[in-house]
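J.: This is the structure, below, for whatever I ask next.
Numbering (the numbering used here), first residue to last: 723 to 1133.
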């Protein structure tokens, strides 16, 4: 591709894109179609012209034109001589960021995990996504409303978790006792069933169309009990809150980056060289929350890190390019999809690469749902943006939480 145009955008226009966007950014367009950038609107829409109507493009961004690097932001295929793409939304719902429509390279480019192979290009529609993992405070507010509006069995949940060491009479640690931490931590100790019902309650509370039903005619709202929902029991066109699909989650977590392990520049075969406790919360990270969760969004540039002398160490804001926090570490995040070891192989074989939603029904041998992102109780391997794992729908874990997405009125 050739570079066809660049445009610098002020921080004010990008406030909604990322909490880290308190500085100018530059965007440029790479295209095979001899394109020319014509405008970038305050509403976040980039427009360009193409010499040929159809051709691949890639939008890149740069925080610092003097010392910074250009990184992929979104890519796709132009389908007209005049093409537009919404990059961000200054009017995104409170607490959410806009993930633009387009495709991304999905899967493990390093070939380390067969569950994430083959590498493929998948197209995903635009969504809004929660900037932070859902907190216990958010959970309680919706749960209280739901309890008097038909959602009568939502779990209480915990506000994060911390393991307290238990010692014997000689002072030797013999066990760890998990305890709840606080309302600003991600909610844990809830099941996948609780999460989906809570999404329905949150949607109705906000006056939005809910997504989940107990029948394929979408007539009976899912409010109580444990129902193993199938793909055709979801109103995918609804305006309400729902769990992200696995494809939506990975695209958002990558933040537009290609062939990087984590949601920040992180190439190479030595994982420990591109991650540490100033960036994410994971097992043996030696951060301030080594034995538990951090508050949601803790790694925002204000995290407290000291050296061996007790001096404060400069740290970075770890929001990814789309403005998301904790998509690597803290708590693993539940997704919509049923888990299958061979999901990517099946989807590539069947060309199910546009807004895929995973297997339509569960495998009785593995009746669980996808979880992504890794957590405070697992090592760096599972924090990779490509790492796939699952848990059973009935499991409520001290390391498992979630975040939600919504469908924009306009893509």
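We put the beta carbon where it would ideally sit given N, CA and C, even for glycine.
(1) By the DSSP assignment, the alpha helix (DSSP H) with residue 805 in it spans what residues?
(2) What residue range does the alpha helix (DSSP H) around residue 973 cover?
(3) Which of the three DSSP states, helix, strand or coil, is assigned to residue 1070?
(4) How about the segment 867 to 880 and the segment 912 to 931: do they share at least three Cβ pairs that are nearer than 8 Å?
(5) Does the separation of the CB atoms of residue 1130 and residue 848 fall below 7 Å?
(6) Measure the C-alpha to C-alpha separation of residue 838 and residue 957 and round it to an integer number of angstroms.
(7) Note down, in chain order, each residue of its chain lying with its Cβ closer than 6 Å to the Cβ of residue 880, except the 5 sequence neighbours on either side.
(8) Which whole runs of the beta strand (DSSP E) in the segment 878 to 939 are 3 residues long or more, in chain order?
(9) Is the number of C-beta pairs between the segment 997 to 1014 and the segment 1048 to 1057 that are closer than 8 Å three or more?
(10) Using three-state DSSP, classify residue 1083 as helix, strand or coil.
(11) In the DSSP assignment, find the unbroken beta strand (DSSP E) run with residue 1111 in it and report its ends.
(12) Using the DSSP secondary-structure output, state which residues sit across from residue 873 in a beta bridge.
(13) So the candidates are 750, 777 and 795; which of them puts its Cα closest to the Cα of residue 982?
(14) On the CB-based measure, 16 or more other CB atoms within 10 Å of its CB, does residue 1109 come out buried or exposed?
(15) In or out: residue 1008 buried (at least 16 other Cβ within 10 Å) or exposed?
(16) How long is the line joining the alpha carbons of residue 954 and residue 934, rounded to whole angstroms?
(17) Within 10 angstroms of its Cβ, does residue 1003 collect 16 or more other Cβ (buried), or is it exposed?
T.: Let me spell this out:
(1) Here residue 805 refers to the residue found at position 83 when the chain shown is read from its first residue. From DSSP, residue 805 is part of no alpha helix (DSSP H) but of the beta strand (DSSP E) over 804 to 808.
(2) As a position in the chain shown, residue 973 is number 251, starting the count at 1. First-last of the alpha helix (DSSP H) with residue 973: 968 to 976.
(3) The count along the chain shown starts at 1 and reaches residue 1070 at position 348. Note: residue 1070 maps to helix in three-state DSSP.
(4) yes
(5) If you number the chain shown from 1, residue 1130 lands on position 408. If you number the chain shown from 1, residue 848 lands on position 126. Contact flag set, yes.
(6) As a first step, residue 838 is located in the chain shown; it is residue number 116 there, counting from the start. As a first step, residue 957 is located in the chain shown; it is residue number 235 there, counting from the start. Using only the alpha carbons, I get a separation of about 28 Å.
(7) The residue labelled residue 880 in the question sits at position 158 within the chain shown. So the qualifying residues of the chain are 902, 910 and 911.
(8) As summarised for the segment 878 to 939, the continuous beta strand (DSSP E) elements at least 3 residues long and confined to that stretch are 884 to 889 and 895 to 901, given in chain order.
(9) yes
(10) As a first step, residue 1083 must be located in the chain shown, where it is residue number 361. The answer is coil: DSSP assigns residue 1083 none of H, G, I, E or B.
(11) Against the chain shown, residue 1111 aligns to sequence position 389. Note, residue 1111: beta strand (DSSP E), 1111 to 1114.
(12) Looking up residue 873 in the chain shown gives position 151. Note: residue 873 sits in no beta bridge, so no partner.
(13) To locate residue 982, count along the chain shown from 1; it is residue 260. Checking every option, the nearest Cα to that of residue 982 belongs to 795.
(14) Along the chain shown, one-based indexing puts residue 1109 at 387. Per the 10 Å Cβ criterion, buried.
(15) Your numbering for residue 1008 matches position 286 in the chain shown. That one is exposed.
(16) Within the chain shown, numbered from 1, the residue matching residue 954 stands at position 232. Within the chain shown, numbered from 1, the residue matching residue 934 stands at position 212. Residue 954 and residue 934: Cα-Cα distance of roughly 10 Å.
(17) Translated into the one-based positions of the chain shown, residue 1003 becomes position 281. By the neighbour-count rule (16 or more Cβ atoms within 10 Å), residue 1003 is buried.
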